[in-house]
Amino acid sequence: MNAPTPNIDSFLSIDNLTVEYPLSRRAKVHAVTEFTAHVKRGETLGLVGESGCGKSSAARAVMQLPRPTSGSVRLDGQELTTLRGAALQHARRKFQMIFQDPIASLNPRQTIRDIVAAPLEIAGIGTKEEQTAKVAEMLDLVGINPDQAMERRPHEFSGGQCQRISIARALILSPELLVCDEAVSALDVSVQAQVLNLLEKLKGELGLTMLFISHDLAVVKHVSDRVAVMYLGKLCELADAETIYRKPVHPYTRTLLAAVPEPDPDALRDRVELIPGELPSPVNPPSGCRFRTRCPFATARCTDEVPAIREIAPGHTVACHHPLMEHSAA
Amino acid sequence: MGEIILDVRNQRTAFATGRGMLQAVDGVSFTLERGKTLGVVGESGSGKSVLSRSIMRLLPGTSMTGPGSQILLNGKDLTAMTENQLRRMRGPEMAIVFQDPMTALNPTLSIGKQIMEVLMFHLKMSKRDARAKAVDLLKAVGLPQPDVRVDQYPHQLSGGMRQRVAIAIAIACEPDLLIADEPTTALDVTVQAEILDLLQRMVRERNMAMILITHDMGVVAGRCDDVAVMYAGKIVEKAPVRSLFSETRMPYTAALLSSIPRVTDPPHRKLDAIEGRPPDLINPPPGCPFAPRCRHAEDACNRAVPELTGTADHQWACIKPLNTEAAA
Ligand SMILES: Nc1ncnc2c1ncn2[C@@H]1O[C@H](COP(=O)(O)OP(=O)(O)O)[C@@H](O)[C@H]1O
Ligand code: SF4
Ligand code: SF4
Ligand SMILES: [Mg+2]
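Note that the protein sequences, when read in sequence, are chains A and B.
Be aware that the first sequence starts at 0, since it is given in numbering that gives the first Met the number 0, and climbs by one per residue.
Be aware that the second sequence starts at 0, since it is given in numbering that gives the first Met the number 0, and climbs by one per residue.
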């Protein structure tokens, strides 16, 4: 068995990240368990999985919102999980986040100028005039006319425009890492395409590193260099985007990909049939492999032993006792 | 031709709003045969849900139906019926499944009781028969352990299981027409695939007609016989599913298809976004509603609203349809 290659050149290093939410003295939600991923500077890591698999918890733990239960998050060599107070506030300039609901994430009572300027205001950067000039520059960058938008309020804008405004706000402190949590999921496809193209353009122009979380596998493929698949708090498989979609070896990745409805009446639909039943609770996750209660390939070993993360090809890691290496997916 | 279950004639539905009349559904006509599934696809606000509620006659008091609108279900005009008559139609002749299954479920009643109520009201079944039939229905929709689950409450079920129960209620009285309005939008992809399979199987086994409403071209591609594309309250293209994808006529349909990210694309492909947004339905532009965003628009497009034209199979509302020379 090969241990994953250590990633010395990674810009964002997430190691053994664990997030637990206590429910009572004895019970807790195991939202993320020992998640490890490394992202190079300028790279986009996509994070996919179904609702409740821990994607958003992992993203928030990277943001230190709140701090993870255990594990390490290093950004450009700096450990974030031990930073406190002013030091954490200062480090925050380097990593920013955008959320799913574009309209709800903007304060309805504030003007667009004040919303976008808020990070500068909090960090105490610049005079009022300098801040306004910077806001205009950012709005321009995301394709919103500053002269028309500055003094208006969020409800006067569409969902797509509000998401552009959130992006302007997230980028105003020139962060190096942008975390997007379902950032385009609430948008119609035509508008979603506009925002995805914008994110790709900005990433190139500004050299951003991105963590892009979505339940939509097609969207993730469009923006990601590498993709991590999660199930019930655990990493299943991580590889470059092309490999994950062409040669997935984890049974869950296969299942997920096969279920994507393709906009093509002639697409082959060779579905992997799941064992019927409910998604187990993250309060009492199954022993061994967490996917075993639904996995058609499960054996006794899958019940007894947690599958270790193995590197099966350079940069392609998988946590499964019986990866589907022989067959290759279409 | 098969037996026509539903005949929608010039349906117009408007809402009185503070800013004026909002024409949510604007002259929609189509027919649907037994055993067939019609996909209705469009972006949010295009009128899909108002159309489905217009057919079910489940509209709020602020709505107005056009004077020339008719909805014939099994030959009977729903627009001329009283609420009492409609109540007897909903269940045995038509039923709807919503995006949020809780719209159809009562949180304070066990799921078994809810199915039994429907059976006892419409089919006049005895309590004991209704309970047995409820268990059968839960089994048919793939609920595990139906004889135990029958006594459970909606909150004890996952979203996917609740949608199965909502489908069980919808099909309980064997309706001729089933409308599913974004039935899987709130569900995960693996659950979505299972629910769509289930709907398809129910339609086939019970020989119903189905209208499957969705914003997702991927969902219609694999599940429908015909597809109607809606934009600004109108059907702007309607065709057998294969023709819609391979012989697209309406520029809006084409633009929508090429703005979709696909798992088969190479990573980082630039998407063909449609710039701008749909028109205001209170003050729509005078001509083609898509003209302000259309790459092929010319002056004539702004003069009059293009009529739906074409063949019996394939229709489009565009004065400069795409690929017409290439067509067979
Ligand atoms: N009760 C209502 N009152 C006023 N306007 C409404 C009402 N219901 C829907 N609308 C409007 O009708 C249009 C079509 O809506 P809808 O049918 O819900 O679209 P879709 O289902 O395609 O997203 C939208 O502009 C919407 O805001
Ligand atoms: S470890 Fe076993 S149960 Fe888990 S995915 Fe692999 S084969 Fe399936
Ligand atoms: S009628 Fe004109 S504006 Fe409308 S879709 Fe056709 S070409 Fe475009
Ligand atoms: Mg709707």
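We put the CB at the ideal spot given by N, CA and C, even for glycine.
Residue state for His295(B) is assigned as coil, using DSSP reduced to three classes. Secondary structure remark: continuous alpha helix (DSSP H) runs of at least 4 residues inside the region 0-65 of chain B, in chain order: 47-55.
Set against 7 Å, the gap from the CB of Tyr251(B) to the closest heavy atom of ligand 3 is smaller. Cβ-Cβ distances below 6 Å link Cys294(A) to Pro250 in the same chain, with the five nearest sequence neighbours on each side left out; the list follows chain order.
Taking 4 residues as the minimum length, the alpha helix (DSSP H) runs contained wholly in the region 236-278 of chain B are 240-245 and 250-258, in order along the chain.
Using a Cβ-Cβ cut-off of 8 Å, Tyr230(A) does not count as an interface residue toward chain B, since no Cβ of chain B sits closer than that to its own.
Per DSSP, Gln69(B) is one residue of the beta strand (DSSP E) stretching across Gln69 to Leu72. When the Cα atoms are used, Ile97(A) and Leu170(A) turn out to be separated by approximately 10 Å. In this structure His214(B) touches Gly41(B) by the C-beta definition: roughly 7 Å separates them, less than 8 Å.
By a beta-carbon distance limit of 8 Å, Arg291(A) does not contact Pro284(A). Their separation comes to about 10 Å. Contacts with chain A at 8 Å (Cβ-Cβ) do not include His313(B). Here the region 36-54 of chain A lies against the region 192-211 of chain A, with 3 or more beta-carbon pairs under 8 Å apart. With a threshold of 7 Å, the Cβ atom of Ala297(A) counts as near ligand 2, since some heavy atom of the ligand is closer than that.
Contact check for Thr12(B) against Val24(B) passes: the beta carbons are separated by less than 8 Å.
Taken from the Cβ of Arg309(A), every heavy atom of ligand 2 lies 7 Å or farther away.
Between Ala86(A) and Ser173(A), the alpha-carbon positions lie close to 18 Å from each other.
Taking the Cα positions, Leu205(A) is about 12 Å away from Val141(A). In the structure shown, the three-state DSSP call for Lys123(B) is coil. When Tyr152(B), Tyr230(B) and Gln98(B) are compared, the shortest CA-CA separation from Ser189(A) is found for Tyr230(B). At least one heavy atom of ligand 2 sits closer than 7 Å to the Cβ of His320(A). Around ligand 3, the residues selected by a Cβ distance under 5 Å to any of its heavy atoms are Pro250(B), Cys287(B), Phe289(B), Ala290(B), Cys293(B), His295(B), Ala296(B), Cys300(B), Pro305(B), Cys317(B), Ile318(B) and Lys319(B), following chain order.
Phe244(B) reaches chain A at Pro262, Asp263 and Pro264, counting residues in chain order whose Cβ is nearer than 8 Å. A distance criterion of 7 Å places the beta-carbon of Arg291(A) in contact range of ligand 2, judged by its closest non-hydrogen atom. Per the DSSP secondary-structure output, Ile97(A) pairs in a beta bridge with Cys179(A). Take the alpha-carbon of Ile259(B) and the one of Ala192(A): they are about 7 Å apart.
With respect to the 8 Å criterion, Ala171(B) and Asp99(B) are not classified as neighbours on the basis of their beta carbons.
Three or more pairs of CB atoms, one per stretch, sit closer than 8 Å, so the region 161-169 of chain A contacts the region 113-122 of chain A. By the neighbour-count definition (other C-beta atoms within 10 Å, threshold 16), Ile13(A) is a buried residue. A distance below 8 Å separates the beta carbons of His295(B) and Pro250(B).
Counting C-beta pairs closer than 8 Å gives fewer than three between the region 250-265 of chain A and the region 68-83 of chain A, which falls short of the contact rule.
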